[in-house]
Amino acid sequence: MAKVKSLAELKAMREKLQSNLDLREKSNDPDSLVQIKVAMATCGIAAGAKQVMEHMMEKADELKLGIVFTQTGCMGYCHAEPTIEVKCPGKDPIVFGHVDNNRADEILTKYVMNNEMVDGVIPVNYETI
Amino acid sequence: MHVLVCGGTGCQASASAQIIKNFEDILAAKGLQDEVQVVRTGCFGFCEKGPIVKIMPDNTFYTQVKPEDVEKIVNEHIIKGRKVTDLLYMDPENKEHVADSKHMGFYRKQLRIALRNCGFINPENIDECISRGGYEALGKVLSEMTPQQVVDEVTKSGLRGRGGAGFPTGVKWGLCAKNKCDEMYVICNADEGDPGAFMDRSIMEGDPHSIVEAMAICGYAIGATHGLVYIRAEYPLAIHRLQVAIAQAREYGLLGKDILGSGFDFDIELRYGAGAFVCGEETALIHSMEGKRGEPTLKPPFPAVSGYMAKPSNVNNVETFANVPIIITKGADWFASIGSEKSKGTKVFALAGQINNVGLIEVPMGTTLRDIIYEIGGGIKGGRKFKAVQTGGPSGGCLTEKHLDTPIDYESLAAAGSMMGSGGMVVMDDTSCMVAIAKFYLEFTCEESCGKCSPCRIGNKRMLEILTKITEGRGTMDDLQELRNLAAVIKDTALCGLGQTSPNPVLSTLDNFWDEYVEHVVDKKCRAGVCKKLMRYEIDKEKCIGCGACKKNCPAEAISKTDYIAPGHKLPSMTIDPSKCIKCGACISTCKFSAISVK
Chain D
1 MAKVKSLAEL KAMREKLQSN LDLREKSNDP DSLVQIKVAM ATCGIAAGAK
51 QVMEHMMEKA DELKLGIVFT QTGCMGYCHA EPTIEVKCPG KDPIVFGHVD
101 NNRADEILTK YVMNNEMVDG VIPVNYETI
Chain Y
1001 MHVLVCGGTG CQASASAQII KNFEDILAAK GLQDEVQVVR TGCFGFCEKG
1051 PIVKIMPDNT FYTQVKPEDV EKIVNEHIIK GRKVTDLLYM DPENKEHVAD
1101 SKHMGFYRKQ LRIALRNCGF INPENIDECI SRGGYEALGK VLSEMTPQQV
1151 VDEVTKSGLR GRGGAGFPTG VKWGLCAKNK CDEMYVICNA DEGDPGAFMD
1201 RSIMEGDPHS IVEAMAICGY AIGATHGLVY IRAEYPLAIH RLQVAIAQAR
1251 EYGLLGKDIL GSGFDFDIEL RYGAGAFVCG EETALIHSME GKRGEPTLKP
1301 PFPAVSGYMA KPSNVNNVET FANVPIIITK GADWFASIGS EKSKGTKVFA
1351 LAGQINNVGL IEVPMGTTLR DIIYEIGGGI KGGRKFKAVQ TGGPSGGCLT
1401 EKHLDTPIDY ESLAAAGSMM GSGGMVVMDD TSCMVAIAKF YLEFTCEESC
1451 GKCSPCRIGN KRMLEILTKI TEGRGTMDDL QELRNLAAVI KDTALCGLGQ
1501 TSPNPVLSTL DNFWDEYVEH VVDKKCRAGV CKKLMRYEID KEKCIGCGAC
1551 KKNCPAEAIS KTDYIAPGHK LPSMTIDPSK CIKCGACIST CKFSAISVK
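Order-wise, the sequence lines are chains D and Y. Under our numbering, the first residue of the first sequence carries the number 1, and numbering increases by one thereafter. Under our numbering, the first residue of the second sequence carries the number 1001, and numbering increases by one thereafter.
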């Protein structure tokens, strides 16, 4: 990666990266674009987030689902760790709490594959600037 | 279509299970069970207006729904697509019905500024950070602002130290910038030590780039080229993510020589602490980084004059830094428009204890304790009674029901006898003994006292001895007075902030829970049943059938036979000798006849 030389370059870079992200989020190809974020701060990992993420990646491969998995920081729902956010194309992201391997399977097979909601949705209770 | 019904404790208590059943039955009767799915969710944190029903995908938010309202919702909303107006949430200010949960005031109770990227970006990927505007503030100050303008902007924003004391950040930067020197340091205090607090760890693990960027901005403002992060070694993931962030920033030329072609050099190093509470005090922190013992020294000289290696240094807390980039990009006026008169912006709290939605929250300054506990926190676990909330950790105090409407800002909390602190917030119900809580925090301070000054080293020890005496039923009324005397002396004479604030948990509980102290001293009673030595195990001689199971299980041989045989029973009942009883509770768990109780 070449060094960023100026503020203008940084801004151009932001636009490019943003459109990459948008492309990931808004494209019309529904099969490849489900995004799952796993809250992985120390506490989430201690609650089992890492195993669940690994399990979900295997399961998604097995089911031939094209899902982008991302680790992220604390979402703030300590009472419901491990937590994941599932963003299906064209829909609002949904946060699920207390996700163990079984729940992960349920979320993949029911919500991601068939748009069937599963219990244990965590309502997002904050605004982010 | 999805129907989300709140399954939190509060809503369940007000018939949400029946609502779910009604939805399922009515939808099935109309043959809609395949098109509309009913789901139970976690707590919406809006228990006051429960039960909550939310219809997706149009985000319609119905409040105070009764089981009999279900038919109407199905007929009107689900079948005909018309919202049921009288069940919509009503805005308390303009008395208008709000259909869409995104526009509800309640969801503006939490505002994530310092945590803006936490749980949103991949913290180990600088591109995701840049796509959210990361490093633009650094670009802006380097190409468009003078160092003095940066200091002025931060001062104008009203940002104050988030480590707890609340010193204005811009003023601190300005003081340091005046002491121009060939070598100056920007230090990030990541020595988060309050029991149960993890705000700073979450920021470093979720958005490490915001810290890197803010430190570089601070370096430019005060004229420093070196940055140091003092972080405790027991935060391995935070350390890892900071290291990754620093390496990526260097690779992109956002740290190192000639940043963004401006000629400004800045780089950051990590220093690991061994996890001593006192090292969160800035002078002790600096000594620890220099390889000396982590002990505080008298101020002045302030670090701004003589800090790390006797060079001018500026020390700020992690959360303080996390606010800086956004102040630069969005402007001081924007930041100053959030919060209360003297405390601007937001504050992150680690909400813990006997509360339903334990979590990491961020609220605008001025939010009341009641909003945090009952709305965001979803109320007390198991529907029990709220007793106290502890803020500020070992330096803070316990507030009670009468303080619930206190707005959270530096001044109001101090006036109520606690303090902002770094952001620990522990909620307690009636199963907590306030004397035991005060003792817990004092044990912590005694353990963490560096021992340099005698008021803290010896004074706190004496206070702990008195509290132990009280919790063991040996206290006198004179002891309570002695606690106050000692507290006053320690407050006035201890060397550093840790010592000066260490009596706060005792003082605030003495003020707010005086009755409970008196009960311990005079009646030898602990109403919460926490202080073991004050408990008495008793056998109800009428209920005891004399089987002797408790006697066999007692490890202290405190149980013996009496001469009394209760009517209807064949064997003599048992009794407990309080002088031998160790209050282990083994007898209670073996008695099949509920004949043993704790008094």
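We put the CB at the ideal spot given by N, CA and C, even for glycine.
Contact of Ala80/D with chain Y by beta-carbon distance below 8 Å involves Gly1042. Close to chain D, meaning a Cβ-Cβ distance shorter than 9 Å, is no residue of the segment 1393-1417 of chain Y at all.
Among the bridge pairs identified by DSSP, Glu1538/Y is matched with Ser1597/Y.
Counting other Cβ atoms within 10 Å of its Cβ, Ala1247/Y stays below 16 and is therefore classed as exposed. At a C-beta separation below 7 Å, Leu1360/Y has these neighbours in chain D: Cys74, Gly76, Cys78. Taking the CA atoms as reference points, Trp1334/Y sits about 13 Å from Pro1325/Y. For the segment 1240-1253 of chain Y, the beta-carbon criterion of a distance under 7 Å to any beta-carbon of chain D is satisfied by Glu1251, Tyr1252, Gly1253. For Leu1534/Y, the closest alpha carbon among the candidates Cys1550/Y, Tyr1517/Y, Gly1548/Y, Leu1285/Y is that of Tyr1517/Y. Taking a Cβ-Cβ threshold of 8 Å, the residues of chain Y close to Asp119/D are Gly1007, Val1039, Arg1040, Thr1041, in chain order. CA-CA distance, Asp100/D to Gln71/D, rounds to 16 Å. DSSP links Pro1407/Y through a beta bridge to Thr1368/Y.
Non-local beta-carbon contacts of Leu1404/Y in its own chain, meaning distances under 6 Å to residues more than five positions away in sequence, involve Leu1369, Arg1370 in chain order. Look at Val124/D here: in three-state DSSP terms it is coil, with no helix or strand label. A straight-line Cα-Cα distance of about 42 Å links Lys37/D and Gly1307/Y. The segment 1149-1194 of chain Y contains, as complete beta strand (DSSP E) runs of 3+ residues, the segments 1185-1190 (chain order). Within the segment 60-115 of chain D, complete alpha helix (DSSP H) segments of at least 4 residues are found at 101-106, given in chain order.
By the rule that beta-carbons nearer than 8 Å mark a contact, Cys1188/Y does not touch chain D. Around the CB of Pro1567/Y, fewer than 16 other CB atoms lie within 10 Å, so the residue is classed as exposed.
Counted as a single uninterrupted DSSP element, the stretch harbouring Ile1203/Y is not any beta strand (DSSP E) but the alpha helix (DSSP H) occupying residues 1199-1206.
Judged by DSSP secondary structure, Arg1232/Y falls within the beta strand (DSSP E) whose first and last residues are 1226-1232. Note on Gly1263/Y: under 16 other CB atoms within 10 angstroms of its CB, so exposed under the neighbour-count rule. The segment 1214-1233 of chain Y makes contact with the segment 1258-1275 of chain Y, as at least three CB pairs between them are under 8 Å.
Residue contact with chain D for Leu1237/Y: present (Cβ-Cβ distance below 8 Å to some residue of chain D).
Straight through space, the alpha carbons of Val1598/Y and Thr1562/Y are spaced by roughly 19 Å. Within 10 angstroms of the beta-carbon of Trp1514/Y lie fewer than 16 other beta-carbons, which makes it exposed. Around the beta carbon of Asp1127/Y, 16 or more other beta carbons sit within 10 angstroms, so the residue counts as buried. Contacts between Tyr1135/Y and chain D, judged by CB atoms closer than 7 Å, involve Leu10 in chain order.
Proximity of chain D to Asp1200/Y at the Cβ level (cut-off 7 Å) is not reached, the minimal Cβ distance being about 11 Å. Contacts with chain D at 8 Å (Cβ-Cβ) do not include Gln1018/Y. Against Gly1206/Y, the close residues of chain D are Ala41, Thr72, Gly73, Cys74, in the order they occur along the chain (beta-carbon pairs closer than 8 Å).
Chain-ordered listing is empty here: chain D has no CB closer than 9 Å to the CB of Leu1255/Y, the nearest sitting near 11 Å.
Glu1071/Y and Phe1023/Y have their C-alpha atoms spaced approximately 8 Å apart. Within the model, the alpha-carbon separation for Tyr1374/Y versus Gly1139/Y is close to 42 Å. Shown here, Ala39/D sits in a strand according to DSSP, grouped into three states. For secondary structure counted as the beta strand (DSSP E) over 3 or more consecutive residues, the segment 1271-1345 of chain Y holds these complete runs in sequence order: 1313-1317. Judged by DSSP secondary structure, Leu1507/Y falls within the alpha helix (DSSP H) whose first and last residues are 1504-1512.
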